[in-house]
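Input: a single structure, listed below in structure tokens.
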Amino acid sequence: MHRAEKPLPPRLLTVDEAADQLRLHPQTVRRLLRSGALAGLKIGGSWRVFSLPSTSERRMD
């Protein structure tokens, strides 16, 4: 029997990594996280951003 493959957990980015990818200031990323406009969570007082779609995927939306 084959084991059911578990999906990989989403990659978590730091605020700085997300800011680089989105070409935004890190404070803007934090503001988007607090407002719920960007998906993420706080771990130990620091924000982590769920992995962002690639540039090509964002253009298709």
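In this note's numbering, the protein residues as written are 9 to 69.
Glycine is no exception: its CB is placed at the ideal position from the N, C-alpha and C atoms.
The Cβ-Cβ distance between L30 and R56 does not fall below 8 Å.
By the Cβ-count criterion, A26 is buried, with 16 or more other Cβ atoms from all chains shown falling within 10 Å of its own Cβ. Looking at the DSSP output, L49 bridges to R56. In this structure G48 is buried. Its beta-carbon is surrounded by 16 or more other beta-carbon atoms within 10 angstroms. In the same chain as S59, and ignoring 5 residues on each side of it, the C-beta atoms closer than 8 Å to its own belong to P18, R19, L20, L21, in chain order.
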